[in-house]
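Let me begin by presenting the structure, written as structure tokens, before commenting on it.
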Amino acid sequence: MTLADRLCSADPEERSAAIAEIAARKHVAPSELEALAGCLGHARKAIQRPAADACVALAAHGIDVRPVLGVALGSPLARQRWGAAFALARLGDPPLETLPVVLETLGGDDGDLRWAAAEILRRMPERARVIEALEDLLRTGNGAQRKMALYCLRDLGARAPEIEQAALWALGDELRDVRLAAIAWLARLATDRAAAAERLLIALASDDPQLRRAAAAGLGLLGERSERVLGALREACAGPDPSLRRAAEGALRQLGAADA
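Start counting the sequence shown at 2; every next residue gets the next number (this note's numbering).
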């Protein structure tokens with residue numbers, strides 16, 4: 002059985018051994034590179050991740066893996082597209098051609114892959130293009146993409162009036178996870194802190210315990226010290242939810258009003 006055959010084996014152990022073998026080589030055949038690229042779409046992360054590692058190792062040996070990864074980036078299989086984007090991102094600055102696949106992955110079911118995609122976005126040199134794409138996801142993406150777009154924009158420190166308006170709008174999203182992400186963005190980056198505080202006070206008064214805790218913590222980060230904010234946080238401190246009490250107490254400390 003050839004190395005290319007072993008890289009396509011149905012036996013995961015056989016594939017793993019073949020991936021380890023090709024990673025140590027300094028010369029590989031085109032058929033072997035294509036078979037390795039196929040491993041990037043494997044259902045098991047224990048195959049997919051070492052295959053990406055092998056691509057990095059081969060590149061370090063002077064083997065040009067980018068063409069075969071570029072082909073895999075256009076695969077009909079979403080998992081292989083992601084594997085190729087992940088491998089390319091590990092070869093240096095993530096190339097712009099991976100952006101559509103990375104944005105696609107933000108909307109997937111696998112949380113680990115979503116956050117790995119977010120990390121790639123943070124490393125892309127084309128910051129303006131990334132921010133523009135994330136803003137578009139806020140309008141057109143699925144729930145996971147809307148949530149992740151807000152967290153990515155927060156982590157990129159992306160502050161602009163249109164993003165702020167989108168975050169305020171997202172506080173009314175049908176999905177709680179999106180509302181939580183909107184709180185995270187506003188707490189860190191809102192310019193109109195008074196307007197953001199008013200919306201967070203609405204969340205603090207909601208029936209959702211998780212949303213209330215996030216709103217309390219967000220008010221502390223926001224830094225708005227109006228009497229309405231301080232009063233609402235003190236009221237939360239007196240409530241029956243111990244987690245909310247801790248969040249509200251922490252917010253009051255951040256606002257310098259813990260003993261006021």
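Heads up, the beta-carbon is just placed ideally off N, CA and C, and yes, glycines get one too.
(message) Within 10 Å of its beta-carbon, does Thr141 have 16 or more other beta-carbons around it, so buried, or fewer, so exposed?
(response) exposed
Among Glu163, Leu212, Ser207 and Ala206, the one whose alpha carbon lies nearest that of Leu190: Glu163
Go through the stretch 45–114 residue by residue and report every complete run of the alpha helix (DSSP H) that reaches 4 residues or more, in order.
-> 46–61, 67–73, 79–90 and 100–106
Distance, Cα to Cα, Gly75 vs Ala53? 16 Å
_Whole angstroms are fine: how far does the CA of Gly173 sit from the CA of Ile184?_
11 Å
Note to self: Using 7 Å as the threshold, is the C-beta distance between Leu245 and Arg194 below it?
What the structure shows: no
Exercise for review: Assuming Leu34 and Ile20 form a contact by the criterion Cβ under 8 Å, report the distance between their Cβ atoms to the nearest whole angstrom.
Suggested key: Going by Cβ atoms, the distance from Leu34 to Ile20 rounds to 12 Å, so no, they are not a contact pair.
- Task: Mark Met149 as exposed unless 16 or more other C-beta atoms lie within 10 angstroms of its C-beta, in which case mark it buried.
- Result: buried
Item to complete: Quick one: residues in its chain with C-beta nearer than 8 Å to the C-beta of Leu176, no 5 flanking neighbours on either side, listed in chain order?
Response: Gly144, Arg147 and Lys148
> Assuming Ala249 and Ala237 make a contact with CB atoms under 8 Å, what is their CB distance in whole Å?
Replying inline: 4 Å
**Q.** Selection from Trp83, Asp110 and Asp111 that minimises the alpha carbon distance to Leu100
**A.** Trp83
Contact belief for Leu202 with Val230 at Cβ below 8 Å, rounded distance in angstroms: 7 Å
What number of angstroms, rounded off, separates the C-alpha of Gly1 from the C-alpha of Ile121?
Here the chain comprises residues numbered 2 to 261, so residue 1 is not present and cannot be evaluated.
Q) If you count every other CB in all the chains shown that lies within 10 Å of the CB of His62, and 16 or more means buried, which is it? A) exposed
For this session: Using only alpha-carbon positions, find the residue among Ala85, Arg45, Val29 and Ala38 that is nearest to Asp12.
Result: Arg45
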